[in-house]
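Position 25 of the sequence shown, counting from 1, maps to 24 under numbering that gives the first Met the number 0, and the rest follow consecutively.
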Amino acid sequence: MPDTHASMHAAPAAYAASHDFAVKMMEMLVVPTFVLDAHGKIMIWNRACEQLTGVPAAEVLGGDQHWRCFYAQQRPTLADLLLADLLPTGRGTPHTLPGQRPCRSSTGENLCAENWCDMPRTGRRRYLAVDASPIYGKHGEIIAVVETLRDITDEKRAQAALERLAMHDGLTGLANRRCFDDTLQAEWQRAQRQQLPLSLLMVDVDNFKQYNDNHGHMKGDDCLRKVAGAVASEMRSNDLVARYGGEEFAVILPNQSLKGAAIVAERIRHRVERLQLPSEHAGQLCVTVSIGAATALPGPGTEPAQLIHTADSALYRAKHLGRNRISVPEVASC
Numbered sequence: 000m001p002d003t004h005a006s007m008h009a010a011p012a013a014y015a016a017s018h019d020f021a022v023k024m025m026e027m028l029v030v031p032t033f034v035l036d037a038h039g040k041i042m043i044w045n046r047a048c049e050q051l052t053g054v055p056a057a058e059v060l061g062g063d064q065h066w067r068c069f070y071a072q073q074r075p076t077l078a079d080l081l082l083a084d085l086l087p088t089g090r091g092t093p094h095t096l097p098g099q100r101p102c103r104s105s106t107g108e109n110l111c112a113e114n115w116c117d118m119p120r121t122g123r124r125r126y127l128a129v130d131a132s133p134i135y136g137k138h139g140e141i142i143a144v145v146e147t148l149r150d151i152t153d154e155k156r157a158q159a160a161l162e163r164l165a166m167h168d169g170l171t172g173l174a175n176r177r178c179f180d181d182t183l184q185a186e187w188q189r190a191q192r193q194q195l196p197l198s199l200l201m202v203d204v205d206n207f208k209q210y211n212d213n214h215g216h217m218k219g220d221d222c223l224r225k226v227a228g229a230v231a232s233e234m235r236s237n238d239l240v241a242r243y244g245g246e247e248f249a250v251i252l253p254n255q256s257l258k259g260a261a262i263v264a265e266r267i268r269h270r271v272e273r274l275q276l277p278s279e280h281a282g283q284l285c286v287t288v289s290i291g292a293a294t295a296l297p298g299p300g301t302e303p304a305q306l307i308h309t310a311d312s313a314l315y316r317a318k319h320l321g322r323n324r325i326s327v328p329e330v331a332s333c
């Protein structure tokens, strides 16, 4: 007959060995990983997690203050949220995470999210991709939660840079034509809903071709950058200035009357003149701009293209009348 007593001792021994192996393997993972027990206290804080956070395991093991490794102010980690969801009675952990939008995996068991973390110990703000998974006991009870973290800060910053390039002009740093079109459409719809006026300025650098011919393209580029800075300096926080094309700029002025738009246009004209960029063009001592202004009160049957057309016509009139001036239509709406 088999030695039943020996078998009973062998099973726990095998389980203990398996458990020790799993812990050691988790410790050696190159992926930052920590484990919470059913009471929300740290069971495992591996070496990769130490390197990521700058916090040694000895400082967090057995405690529930692990949030301090990631945030300057108290807030739950993803593992805390998952544990609170799975326990029969929650531990009072908030089920929302500011700045983070957790999503369920296809099985509904795991939580995943991406989030900026302060990393107080290292002083480096990092963007982390986080996954939290439950560990169940023999009888289906929750005994722990594992959270893994991936530092994808470089990828996030590269993505942000690409998005900025897609919506901004490379020479001046202003919004580009695509951004202008999207913003004008959005502001038009908002103005229509709220029954507010929407104004537009079209700003053109006078005799820019001759300036480029006389000074060269590098000086021409520098001129555009300085004019762009002058225009942008007159904007409110909710205004948008964009490089519309070539030497032409467009300014969207939400909730601005024609009179107010004309005042902004004159400030821009004066500020560019004060740059004192030498022109060397006949009868023109320094670089100047001509500006056409228009205002619309969007309503049914109206389109942003009408506002652009009215502002363009006003700009043409300013050019025709001698440049270095502003022009407004006689009628304030399109």
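From the three backbone atoms N, C-alpha and C, an ideal C-beta is built for every residue, glycine too.
Checklist line | Residue span of the alpha helix (DSSP H) that contains W187, given as start and end | finding: Its alpha helix (DSSP H) spans residues R176 to Q193.
Item checked: Among E302, Q50, L127 and R268, the one whose alpha carbon lies nearest that of S326 -> Among E302, Q50, L127 and R268, the Cα nearest to that of S326 belongs to R268.
Checklist line | Supposed contact pair L306 and L197 - C-beta distance, whole angstroms, cut 8 Å | finding: Contact between L197 and L306 holds: CB atoms are separated by about 7 Å, below the 8 Å threshold.
Margin query: Counting C-beta neighbours from all protein chains within 10 Å, is the total for Y135 16 or more, i.e. buried, or is it exposed?
Written below: By the neighbour-count rule (16 or more Cβ atoms within 10 Å), Y135 is not buried but exposed.
Note to self: Which residues does DSSP list as the beta-bridge partners of A295?
What the structure shows: As DSSP reads the structure, A295 sits in a beta bridge with L197.
Item checked: Own chain, CB closer than 6 Å to R322, minus 5 neighbours either side, in chain order -> For R322, same chain residues with a beta-carbon under 6 Å away, outside a window of 5 residues either side, are D205 and S289 in chain order.
Margin query: Would the segment 161 to 177 count as touching the segment 108 to 120 if we require 3 or more Cβ pairs under 8 Å?
Written below: Contact between the segment 161 to 177 and the segment 108 to 120 is absent: fewer than three C-beta pairs spanning the two stretches fall below 8 Å.
Notebook entry, point to check: Considering only the beta carbon of each residue, do T309 and P328 sit closer than 8 Å?
Noted result: Yes, Cβ-Cβ distance for T309 and P328 is below 8 Å.
Next item on the list: Please state whether DSSP places A143 in a helix, a strand or coil.
Entry: Strand, per DSSP.
Next item on the list: Go through its chain and collect everything with a Cβ distance to T52's Cβ below 8 Å, but skip five positions before and after it.
Entry: Listed in chain order, the non-local C-beta contacts of T52 below 8 Å within the same chain comprise P31, C68, F69, M118, R120 and T121, local neighbours out to five positions each way being set aside.
Next item on the list: Output the residue ranges of the alpha helix (DSSP H) runs that lie fully inside the segment 18 to 58 and measure 4 residues or longer, sorted by chain position.
Entry: Within the segment 18 to 58, the complete alpha helix (DSSP H) segments at least 4 residues long are 46 to 52, listed from N- to C-terminus.
Notebook entry, point to check: Can you tell which of A143, E247, R123 and T171 has the C-alpha that lies nearest to the C-alpha of T152?
Noted result: Here the closest residue by C-alpha is R123.
Check: Residues bridged to N114 by DSSP?
Finding: Beta bridge pairing from DSSP links N114 with L127.
Checklist line | Contact set for D36: own chain, Cβ-Cβ below 8 Å, skip 5 residues either direction | finding: Answer for D36: M42, I142 and A143, listed in chain order.
Margin query: Quick check on DSSP: helix, strand or coil for V230?
Written below: The three-state secondary structure of V230, taken from DSSP, is helix.
Next item on the list: Give the DSSP-derived three-state secondary structure of F248 in the structure shown.
Entry: Strand, per DSSP.
Checklist line | Exposure of H65, with buried meaning 16 or more beta-carbon neighbours within 10 Å | finding: With 16 or more other CB atoms across the displayed protein chains lying within 10 angstroms of its CB, H65 is buried.
Next item on the list: Please classify H308: does DSSP put it in a helix, a strand, or coil?
Entry: The answer is helix: DSSP assigns H308 an H, G or I state.
Next item on the list: Using 10 angstroms around the beta-carbon of E279, count the other beta-carbons present and answer buried if the total reaches 16, otherwise exposed.
Entry: Result: exposed.
Checklist line | Cβ-based burial, P299 [other Cβ within 10 Å; buried from 16] | finding: Exposed is the call here.
Checklist line | Cross-strand partners of Q73 (DSSP beta bridge) | finding: According to DSSP, which records beta bridges pairwise, Q73 is partnered with nothing at all.
Next item on the list: Would you mind reading off the limits of the beta strand (DSSP E) that contains Q283?
Entry: Where Q283 is concerned, the enclosing beta strand (DSSP E) stretches over Q283 to C285.
Notebook entry, point to check: Are G39 and L82 touching if we call contact CB-CB under 8 Å?
Noted result: In this structure, L82 lies closer than 8 Å to G39 by Cβ.
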